[in-house]
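Structure first, then comments.
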Amino acid sequence: MIQEKKFRELQQFCNDHEVILVAVSKTKPVEDIKSLYDLGQRVFGENKVQELVDKAAQLPEDTEWHLIGHLQTNKVKQVLPHVHLIHSIDSIRLLNEIEKEAGKLNKKVSVLLQLKIASEDTKYGLSREEADKLVQDYIDGAFPHIIISGLMGMASFSENMEIVRKEFRQLKDYYLLLKLGVLSIHKSFNILSMGMSGDFKLAVEEGSNMIRVGSLLFGER
Ligand SMILES: *Cc1c(COP(=O)(O)O)cnc(C)c1O
Numbered sequence: 007m008i009q010e011k012k013f014r015e016l017q018q019f020c021n022d023h024e025v026i027l028v029a030v031s032k033t034k035p036v037e038d039i040k041s042l043y044d045l046g047q048r049v050f051g052e053n054k055v056q057e058l059v060d061k062a063a064q065l066p067e068d069t070e071w072h073l074i075g076h077l078q079t080n081k082v083k084q085v086l087p088h089v090h091l092i093h094s095i096d097s098i099r100l101l102n103e104i105e106k107e108a109g110k111l112n113k114k115v116s117v118l119l120q121l122k123i124a125s126e127d128t129k130y131g132l133s134r135e136e137a138d139k140l141v142q143d144y145i146d147g148a149f150p151h152i153i154i155s156g157l158m159g160m161a162s163f164s165e166n167m168e169i170v171r172k173e174f175r176q177l178k179d180y181y182l183l184l185k186l187g188v189l190s191i192h193k194s195f196n197i198l199s200m201g202m203s204g205d206f207k208l209a210v211e212e213g214s215n216m217i218r219v220g221s222l223l224f225g226e227r
């Protein structure tokens with residue numbers, strides 16, 4: 007069941023703050039996605055390749071699909087024709103694979119670097135050092151078929167909003183450091199993807215311009 011009233015409110019909030027809303031539809035049926043599509047939503051986020059590809063086939067062409075979950079290198083080829091933005095670059099190996107497959111398709115692929123910002127142990131994400139290295143390789147021309155469009159991060163699942171705020175702020179600071187520094191001539195570096203159902207307001211306060219919201223729109227999973 008989609009939460010129409012919540013969607014309207016969130017749409018207004020995103021308009022007011024110039025934030026892009028990614029409706030996270032993972033595990034939810036195609037009918038729910040169509041309902042939201044009919045209300046005007048065009049950007050949807052999935053965390054599994056097969057699910058994204060299956061759903062993409064059942065929605066209109068102008069639906070924009072974002073991959074927000076960990077991407078295995080052996081699934082890159084399958085997802086590239088359908089995906090508008092990959093939020094979850096968490097290794098150089100993955101970026102190399104995307105470069106290779108995008109080259110074969112003669113296509114440019116937009117991605118975000120996923121940074122590990124949570125204090126709790128999380129499986130996926132780049133450290134600052136890894137991200138620095140990757141960005142340097144990018145500047146040096148190692149990835150001609152890739153556009154690094156920004157950064158993504160997930161804060162700790164914590165009740166303590168000051169911890170969450172601090173993590174968002176760290177990501178924002180790094181984003182600005184790159185944007186105003188080594189990537190300043192790369193105008194397409196302009197997305198800061200942070201904030202989910204429980205913390206999107208805080209994330210936007212801290213400078214997010216893309217939020218990934220699931221349960222608030224589609225109900226609990
Ligand atoms: C599931 C998921 C979300 C959405 O989470 P909700 O709490 O349902 O809003 C956002 N980002 C990522 C990476 C996710 O996996």
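Per the numbering used here, the sequence shown runs over residues 7 to 227.
Glycine included, every Cβ here is placed at the ideal spot set by N, Cα and C.
All values derive from a computational prediction rather than experimental measurement.
- Between the segment 97-108 and the segment 60-74 there are fewer than three inter-stretch CB-CB distances shorter than 8 Å, so the stretches are not counted as touching.
- Under the DSSP assignment, phenylalanine 19 falls in the alpha helix (DSSP H) whose first and last residues are 10-23.
- Residue side-chain check: valine 30 places its Cβ nearer than 8 Å to a non-hydrogen atom of ligand 1.
- Following the DSSP letters along the chain, one finds serine 94 inside the beta strand (DSSP E) bounded by residues 91-95.
- Ligand 1 approaches serine 221 closely enough that one of its heavy atoms is under 8 Å from the residue's Cβ.
- Contact between the segment 209-217 and the segment 38-48 is absent: fewer than three C-beta pairs spanning the two stretches fall below 8 Å.
- Rounded to the nearest angstrom, the gap between the Cα atoms of asparagine 196 and leucine 184 is 10 Å.
- Buried is the label assigned to glutamine 120, since at least 16 other Cβ atoms lie within 10 Å of its Cβ.
- In this structure, serine 94 has its beta carbon less than 8 Å from a heavy atom of ligand 1.
- With three or more CB-CB distances shorter than 8 Å, the segment 119-133 counts as touching the segment 160-167.
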